[in-house]
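See below for the structure under consideration.
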Amino acid sequence: MTTATVSNPSAANEALEARSQQQQERREELREAASLQDRLERQLAEESIDVPIGDETIPFRPFNREASQFASLCQEHLENIDEENIEAEFDDALDRMYAVAAEFSKPEFADMSWWEQQFSIPRMIAILTFVNTEGKPLEQGETKK
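Okay, so the sequence shown: first residue is 15 according to this note's numbering, each after it adds one.
So this is what it looks like as structure tokens:
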């Protein structure tokens, strides 16, 4: 019986060492995965969508899910309204449209007030839609102010 007891600690040590090695390998895999995820997130954060605005282009960061849903809702709503009452129809969303443009556009001068001064509601929706669809070409009528 003593022989079995002596060999058991040896087997137990080997099992512990194997388990320790597996845990170490797993930690290394997790570190590598986290590093890869960090690199991918940095790359995505640096990507931009160039939006044609007149003769210039303005780079935008891709929208997050909330901004993307908002842009889609604005575009959908625009398709079903009377153009004459557009300000009344979008009253609640006006500030948010311009704020989203200011938040996601990269140039420092393109703050909320700049967007408000430069672009009409339909044009802002076209810009937000363009960024949301990540470069889908704007139709001819959408490129005008």
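C-beta atoms are modelled at their ideal positions from N, C-alpha and C, and glycine is treated no differently.
Would you kindly work out how many angstroms separate the C-alpha atoms of residue i and residue j, rounded to a whole number?
i	j	result
Glu61	Asn146	14 Å
Pro121	Ile72	7 Å
Gln154	Arg75	With a pLDDT of 46 at Gln154, under the threshold of 50, the predicted position of this residue should be treated as unreliable, and no value is reported.
Arg45	Glu28	26 Å
Lys150	Glu39	Confidence at Lys150 is low in this model, with a pLDDT of 46, below 50, so the placement of that residue is unreliable and no value is reported for it.
Met111	Glu130	9 Å
Ser24	Glu42	27 Å
Ser86	Thr143	7 Å
Gln89	Asp69	24 Å
Asp96	Ile63	30 Å
Glu80	Glu98	28 Å
Return helix, strand or coil for residue i, following the three-state DSSP convention.
i	result
Ser134	coil
Asp106	coil
Ala140	helix
Ala124	coil
Asn146	helix
Glu42	helix
Asn22	helix
Residues bridged to residue i by DSSP?
i	result
Ser119	Phe74
Within 10 angstroms of the Cβ of residue i, are there 16 or more other Cβ atoms? Answer buried if so, exposed if not.
i	result
Ser134	exposed
Leu30	exposed
Phe104	buried
Gln123	In the sequence as presented, Gln is not what sits at residue 123; that position holds Phe. Exposed, by the Cβ-count rule.
Ser119	buried
Ala32	exposed
Start-end ranges of the beta strand (DSSP E) lying completely within the segment 62-88, minimum 3 residues: Positions of the beta strand (DSSP E) runs, each at least 3 residues long and wholly inside the segment 62-88, are given as 63-67, 70-74 in order along the chain.
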